[in-house]
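Structure first, then comments.
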Amino acid sequence: RSRILSALAGAKRGEKLVRSLMAFARREPMAMTTIDVNQAIRAMEELLKESLGAAGKLIFNLAPEAWPARADASELGMAILNLVVNARDAMTTEGAVRISTMNTTLHGEIDHLSGDYVAVAVSDTGSGMPPEILALAFEPLFTTKGPGKGTGLGLASVYGFARQCGGSAVIESELRKGTTVTIYLP
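Taking our numbering, the leading residue of the sequence shown gets 95, the next gets one more, and so forth.
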């Protein structure tokens with residue numbers, strides 16, 4: 095009985111991994127539209143709070159004059175949810191997850207992008223990442239989570255989403271202080 099249950103659990107993990115790989119390798123174009131990023135984030139507030147659970151407090155710092163952005167709204171929602179879940183998993187004690195938006199003009203300093211962008215940042219007060227982990231964080235299939243706990247596609251998918259939108263994503267992290275992932279959307 096225990097072997098059968100173990101095999102079934104393995105099959106479920108495999109199914110989840112295959113779905114993640116298929117989403118990551120998506121060939122069809124996204125449904126790009128002009129969206130109000132703040133409104134998209136506010137529409138997910140309950141889901142984000144539920145996903146964070148008792149692990150911490152969810153704080154919003156949304157720029158009142160955030161520019162409209164060009165993105166797929168549902169994919170943005172998935173990216174933010176993914177980042178909030180990662181933040182929750184990085185916090186060993188109760189902490190805070192902050193979701194911020196801001197207008198920014200880039201001049202080539204991030205992936206050679208120039209122009210006006212809306213930045214969406216998800217910050218946590220978790221354990222942070224050492225430089226050797228930070229260097230690999232956006233790599234597909236790279237994970238620091240234990241077996242059956244992560245696919246290694248979450249951060250890679252966030253980066254891929256941002257690039258497909260014509261933007262980028264960056265990670266800043268400091269050990270014992272936390273991590274911030276910022277998505278730049280045109």
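Note that the Cβ used here is the ideal one computed from N, Cα and C, for glycine as well.
Helix, strand or coil at Phe232 [DSSP, three-state] = Position 138 of the sequence shown, counted from the start, is the residue given in the question as residue 232. DSSP places Phe232 in the coil class of the three-state scheme, outside both helix and strand.
Unbroken alpha helix (DSSP H) run spanning Arg257, endpoints = Indexing the sequence shown from 1 puts residue 257 at position 163. For Arg257, the uninterrupted alpha helix (DSSP H) segment begins and ends at Gly248 to Gln258.
Do Leu230 and Ser267 have their C-beta atoms within less than 8 angstroms of each other?
-> Position 136 of the sequence shown holds residue 230. Position 173 of the sequence shown holds residue 267. The Cβ-Cβ distance between Leu230 and Ser267 does not fall below 8 angstroms.
Of all the options Ser251, Val216 and Val179, which has the alpha carbon lying nearest to the alpha carbon of Gly147?
-> Start at 1 with the first residue of the sequence shown, and residue 147 comes out as number 53. It is Val179 whose Cα lies nearest to the Cα of Gly147.
Within its chain, find whatever has a CB closer than 7 angstroms to the CB of Asp205; leave out the 5 residues flanking it on each side and keep chain order.
-> Taking the sequence shown and counting its residues from 1, one reaches residue 205 at position 111. Cβ neighbours of Asp205 beyond the five flanking positions: Ser262.
Do Ala167 and Ile193 come within 8 angstroms of each other at the CB atom, strictly closer than that value?
-> As a position in the sequence shown, residue 193 is number 99, starting the count at 1. As a position in the sequence shown, residue 167 is number 73, starting the count at 1. No; because the gap between Cβ atoms is not below 8 angstroms, this pair is not in contact.
Compute the distance between the beta-carbons of Thr195 and Val212, then report whether it is under 8 angstroms.
-> Here residue 195 refers to the residue found at position 101 when the sequence shown is read from its first residue. Here residue 212 refers to the residue found at position 118 when the sequence shown is read from its first residue. Against a cut-off of 8 angstroms, the Cβ pair of Val212 and Thr195 comes out as a contact.
Does DSSP put Gly147 in a helix, in a strand, or in coil?
-> Position 53 of the sequence shown holds residue 147. In this structure, DSSP gives Gly147 a helical state, which the three-state scheme calls helix.
Roughly how many whole angstroms lie between the Cα atoms of Gly220 and Ser145?
-> As a working note, residue 220 is residue 126 in the sequence shown. As a working note, residue 145 is residue 51 in the sequence shown. If you take the alpha carbons of Gly220 and Ser145, they lie about 16 angstroms apart.
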